[in-house]
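Numbering (our numbering), first residue to last: 1 to 163.
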């Protein structure tokens, strides 16, 4: 069974990457891990109580949105041999991805190219670019914004040179 990690920031593009991934592997048994990180930078002068409350709120919101995403993708893939697990983390994205790849035996990371901020003029968002550059132990597939899945025709490739 393939183990596939799909980070999400709950943008349309992130869901599109998840949807694309399920279609790409529709004929294979797969476990998809849907990951969201809700790490916040806290100012040095912020009190521990304020930080703890903010972390709890962000974690609660992350889990709620992950649950919504989980239900949506299960509904969209009910005929496939796929299972899904949600992961919410308060660590930094790169660190969480590295840990998850090791802990879950991830075979492939699939993510959208543009996140919730949707900065115009960038083909690949900063998170996707960082993951592609820094994760060396697992392949990363970046799904372009609004890219629709199209069925491919099985092709046979030969290693022989034709002359």
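Note that beta-carbon positions come from the ideal geometry of N, C-alpha and C, so glycine has one too.
Since the structure is predicted, the reported quantities are computational estimates derived from the model, not experimental observations.
Here residue 1 is exposed. Its C-beta has fewer than 16 other C-beta atoms within 10 Å. Just so you know, the alpha carbons of residue 94 and residue 101 end up roughly 11 Å apart.
Taking a cut-off of 8 Å on C-beta distances, the region 51 to 63 does not touch the region 19 to 31, as fewer than three cross pairs fall below it.
Residue 31 has 3, 83 as its beta-bridge partners, per DSSP. DSSP places residue 109 outside any alpha helix (DSSP H); the residue lies instead in the beta strand (DSSP E), whose first and last residues are 108 to 112. Taken through DSSP and simplified to helix, strand or coil, residue 8 comes out as coil. Contact between residue 35 and residue 77 is absent: CB atoms are separated by about 18 Å, not below the 8 Å threshold. For residue 128, the enclosing alpha helix (DSSP H) begins and ends at 126 to 134. Non-local C-beta neighbours of residue 130 in its own chain, meaning closer than 7 Å and more than five positions away in sequence, comprise 94, ordered along the chain.
A residue is called buried once 16 or more other Cβ atoms fall within 10 Å of its Cβ, and residue 83, having fewer, is exposed. Using a 10 angstroms sphere on the CB of residue 29, the tally of other CB atoms stays under 16, which defines it as exposed. Within 10 angstroms of the beta-carbon of residue 112 lie 16 or more other beta-carbons, which makes it buried.
Taking a contact as a CB-CB distance under 8 Å, the pair residue 142 and residue 135 does not count as one, their CB atoms being some 12 Å apart. Non-local C-beta neighbours of residue 72 in its own chain, meaning closer than 8 Å and more than five positions away in sequence, comprise 15, ordered along the chain. Taken through DSSP and simplified to helix, strand or coil, residue 77 comes out as coil. The secondary-structure analysis by DSSP pairs residue 140 across a beta bridge with 109.
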